[in-house]
Each structure stands twice: as C-alpha cells, then as structure tokens.
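Each residue of the sequence shown is one higher than the one before, starting from 3 at the first, in this note's numbering. Just so it is clear, CB atoms sit at the ideal spot from N, CA and C, and this is done for glycine as well.
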Amino acid sequence: MKFGIDHLTLNVDSPDVCVQFYSKVLGLPPENYEEWKEGKAKFPSVRLNANNMIHFFPPEMWEELGDLICTPGKANHVCIAYERKEWKKLLERLNAHKITPRGPFNLMGARGKGTSIFVDDPEGFTIELKVYDEQ
C-alpha cells in the first residue's frame with residue numbers, strides 16, 4: 003500500500019494575501035481562487051503537483067468547523083521541494099519581492115539531503131524550500 007500527504011490546510015486571516023504570496027513568490031498555481039472570490043467556494047488553494055495542495059481556510063471556516071479540524075500550536079513548518087530547473091526561478095522571485103531567506107542549510111528530507119532555505123508566509127507560517135542534491 004502506498005501512502006501520501008494529500009493536502010495541507012492552513013488557518014489564515016487573509017486567504018487572498020496567502021494565495022498571492024504562494025503563487026507569485028513561490029510559483030504555485032492557484033486553485034479554486036476565482037471561485038472563492040466569487041463566493042462559490044469556501045476557501046482558496048494552491049497546487050503543489052497533481053496529488054498535493056495547500057488549502058487556506060479563512061476565519062469563518064475555523065468558526066464553522068471548530069475543534070473538528072483545529073490542533074492549536076501543533077504546526078511547525080511545511081517543506082516544498084523544487085526541481086533543480088525551478089530552483090533558480092524561485093530564488094529570482096524571492097529577490098524580486100525583496101525576501102531574504104534564512105539559510106542555505108544542508109538538511110535531510112524525504113528523499114535524502116538537500117539544500118534548504120526558510121521563509122515566512124504573510125501569516126507568519128514557516129516554509130522550508132528545498133532542492134535535492136544531484137544523485
């Protein structure tokens with residue numbers, strides 16, 4: 003049996019600002035963003051790949067779902083892995099947005115050691131950005 007993480011959900015005060023940051027700075031395509039802005043979806047998302055997404059729950063979702071979905075104080079960070087060909091583009095976008103990452107660090111991840119840098123999203127959530135060493 004194969005397992006995988008389907009999505010990560012972040013409770014955020016400003017879903018619009020988060021979608022803009024994750025799409026324009028980190029390069030992740032928005033998903034159901036226009037539908038959310040039109041009131042046809044409860045929350046916007048960004049897509050990592052065909053199998054993984056990040057959802058941004060606005061405050062009204064926290065109230066609606068309450069303790070069912072929230073584990074306060076348990077989140078640490080999320081790591082997004084980039085292909086080497088996308089890494090340079092990411093660094094250029096960070097520079098263009100005047101974002102100075104913390105690092106680089108050589109850290110272990112799901113596929114071995116790689117180069118990691120850390121940034122904070124507009125809500126203060128820490129994101130590890132990783133490119134794996136060439137094998």
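Self-check item: One or two residues paired with Arg-49 in a DSSP bridge
Solution: Met-55
- prompt: Given Arg-49, which residues of its chain have a CB within under 7 angstroms of its CB, disregarding the five upstream and five downstream residues?
  reply: Leu-30, Pro-31, Glu-33 and Met-55
Practice task
Give me the Cβ distance between Gly-6 and Asn-53, rounded to the nearest whole Å; I'm assuming they're in contact under 8 angstroms.
Solution key: 6 angstroms
* Can you name, in chain order, every residue of its own chain whose Cβ lies under 6 angstroms from the Cβ of Val-19, other than the five neighbours on each side? -> Pro-124
Can you tell me whether DSSP reads Leu-10 as helix, strand or coil? strand
Item to complete: Taking only the alpha-carbon atoms, compute the straight-line gap between Thr-11 and Ser-118 and give it to the nearest angstrom.
Response: 22 angstroms
TODO: Work out the CA separation of Tyr-134 and Lys-115 for me, nearest whole Å.
DONE: 6 angstroms
For His-57, count neighbouring C-beta atoms within 10 Å of its own C-beta (all shown protein chains included) and say buried if the count is 16 or more, exposed if not. buried
Report task. For the beta strand (DSSP E) holding Leu-131, just list the boundary residues, first then last. Result -> 128–134
Compare the beta carbon distance of Pro-103 and Leu-109 with 8 angstroms and say whether it is the shorter of the two. no
Reduced DSSP secondary structure (H/G/I, E/B, other) of Ser-25: helix
Around the Cβ of Asn-51, are there at least 16 other Cβ atoms within 10 angstroms (buried) or fewer (exposed)?
exposed
Alpha carbon of Glu-94 to alpha carbon of Glu-65, nearest angstrom: 38 angstroms
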